[in-house]
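Working notes, beginning with the structure itself.
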Amino acid sequence: MSTIEPNAVKEFLLALQADICSSLEAMDPTADFKTDRWDREKGGSGISRVISDGKVFEKGGVNFSHVFGDAMPASATETRPDLAGRAWQAMGVSLVIHPRNPFVPTSHANFRMFVADKEGEESAWWFGGGYDLTPYYGIEEDCIHWHQQAKNACQEFGEDYYLQFKKQCDDYFQITHRQEPRGIGGLFFDDFNELGFEKSFAFIKSMANSYLDAYVPIVEKRKDNAYTDHHKQFQEYRRGRYAEFNLVYDRGTLFGLQSGVGRTESILMSLPPVVRWIYDWHADKGSEEERLTSEFLKPRDWV
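In terms of our numbering, the sequence shown opens at residue 73 and continues consecutively.
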């Protein structure tokens with residue numbers, strides 16, 4: 073039986089948050105970075121780092137939270153009925169970065185640990201999370217780079233994990249009512265404990281630490297691309313898809329809102345700052361906008 077160490081996970085997640093924020097600040101010193109430390113008398117605490125109004129990053133957030141409760145919310149027990157009635161704690165870092173330039177993709181990452189306890193029974197624990205990329209204009213070399221870093225992070229732990237977690241990512245980030253994916257995917261995993269605590273934790277650290285390697289070079293390469301108002305309007309239109317997924321399907325959002333102990337402002341920081349919905353809009357045939365959905369927003373082997 074693995075001995076779990078939630079405190080070690082918490083220390084790593086706090087360091088991860090600090091490292092990611094330092095890198096974002098270095099790329100965009102013009103942005104306003106706010107730190108909001110919150111603490112509930114009952115339910116947990118966290119640190120929200122919110123980014124806004126920068127030259128590179130229009131809005132974003134890198135949040136750490138450690139929350140707990142006496143019973144799991146419905147969003148967790150629908151797929152795991154065995155957890156009903158257990159006390160629980162959850163800790164994680166969750167981030168979403170919405171760039172200003174339409175040629176820089178939005179990125180999302182989340183790494184978390186759950187522990188569910190019941191007197192007289194062994195603790196149930198697992199890791200979950202991953203990261204995914206949502207481009208507004210398809211650039212093949214950026215998509216390949218993103219997936220290559222994801223594959224590299226998994227390689228040491230088993231030949232099949234990248235393909236397994238990539239497929240789970242493709243399956244999860246589906247906007248079902250639109251019948252299209254949110255982006256070009258990456259890694260997604262949940263209920264992961266099969267390697268035992270020590271090795272599972274090492275795997276999660278490898279994936280989490282690869283996020284900056286995957287995203288920073290893309291930002292640096294595209295942040296100064298020239299763009300027009302047309303490009304910006306299309307970015308805002310596609311951001312609508314992002315908002316739809318997060319509000320309707322995202323498990324983390326639903327868990328946070330249903331648990332009653334999360335902080336609503338921090339949970340909803342993932343939403344873009346400006347969104348555009350256009351009734352029954354269609355891209356011109358052969359345009360870069362049309363290529364996004366016809367060529368890039370399709371599950372495919374990038375590496």
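Cβ atoms here follow ideal geometry from the backbone N, Cα and C, with glycine treated the same way. Keep in mind that this is a model prediction, so the values were computed, not measured.
Check your understanding: Name the DSSP bridge partner or partners of methionine 185?
Key -> On the sequence shown, residue 185 is found 113 positions in, with the first residue counted as 1. Bridge partners of methionine 185 according to DSSP: Met163 and Phe199.
Practice prompt. Enumerate in chain order the residues of its own chain whose CB-to-CB distance from histidine 138 is below 8 Å, with the five nearest sequence positions on each side excluded.
Written response: Numbered from its first residue, the sequence shown carries residue 138 at position 66. Taken in chain order, the residues that qualify are Lys82, Gly116, Ser117, Gly118, Gln161, Ala162 and Met163.
Tell me whether the beta-carbon of phenylalanine 269 lies closer than 7 Å to the beta-carbon of glycine 202. Start at 1 with the first residue of the sequence shown, and residue 269 comes out as number 197. Start at 1 with the first residue of the sequence shown, and residue 202 comes out as number 130. In this structure, glycine 202 does not lie closer than 7 Å to phenylalanine 269 by Cβ.
Stretch pair the region 310-317 + the region 251-267: three plus CB contacts closer than 8 Å
yes
Distance between beta carbons of tyrosine 299 and phenylalanine 175, contact taken as under 8 Å = Translated into positions along the sequence shown, residue 175 becomes position 103. Translated into positions along the sequence shown, residue 299 becomes position 227. Yes, phenylalanine 175 and tyrosine 299 are in contact; Cβ-Cβ is about 6 Å, under 8 Å.
- [ ] Mind listing, in chain order, the continuous beta strand (DSSP E) runs of no fewer than 3 residues lying wholly within the region 244-287?
- [x] 257-264
Tell me the rounded alpha-carbon separation between glutamate 266 and serine 272. The sequence position of residue 266 within the sequence shown is 194, counting from 1. The sequence position of residue 272 within the sequence shown is 200, counting from 1. Using only the alpha carbons, I get a separation of about 7 Å.
Rounding to the nearest angstrom, what Cα-Cα distance links aspartate 380 and tyrosine 244 in this structure? Given that the chain is displayed from residue 73 to residue 375, the structure contains no residue 380 and the question cannot be resolved.
Under three-state DSSP, which class holds serine 120? Reading the sequence shown from its first residue, position 48 is the one you call residue 120. Serine 120: strand per DSSP, three-state reduction.
**Asked** Which term fits proline 345, buried or exposed, when burial requires 16 or more other beta carbons within 10 angstroms of its beta carbon?
**Response** Here the question's residue 345 lines up with position 273 in the sequence shown. Result: exposed.
Report task. Could you work out which residue in Asp104, Gly312, Glu212 and Pro171 is closest to tyrosine 351 when comparing CA atoms only? Result -> Here residue 351 refers to the residue found at position 279 when the sequence shown is read from its first residue. Closest option to tyrosine 351, judged by alpha-carbon separation, among Asp104, Gly312, Glu212 and Pro171: Gly312.
- Run through DSSP, which three-state label would isoleucine 169 get? Stepping through the sequence shown from its first residue, residue 169 is reached at position 97. Here isoleucine 169 sits in strand by DSSP.
>> On the criterion of 16 or more Cβ atoms from any shown chain inside 10 Å, does histidine 354 qualify as buried, or is it exposed?
In response: For this step, residue 354 is matched to residue 282 along the sequence shown. Label assigned to histidine 354: exposed.
_Contact defined as beta carbons within less than 8 Å: I believe aspartate 204 pairs with histidine 180. What is the distance between those atoms, to the nearest angstrom?_
Here residue 204 refers to the residue found at position 132 of the sequence shown. Here residue 180 refers to the residue found at position 108 of the sequence shown. Between histidine 180 and aspartate 204 the Cβ distance is about 6 Å, and since that is below 8 Å, they are a contact.
Notebook entry, point to check: CA-CA distance, glutamate 194 and valine 187?
Noted result: Working through the sequence shown from its first residue, we reach residue 194 at position 122. Working through the sequence shown from its first residue, we reach residue 187 at position 115. Straight-line Cα distance between these residues: approximately 10 Å.
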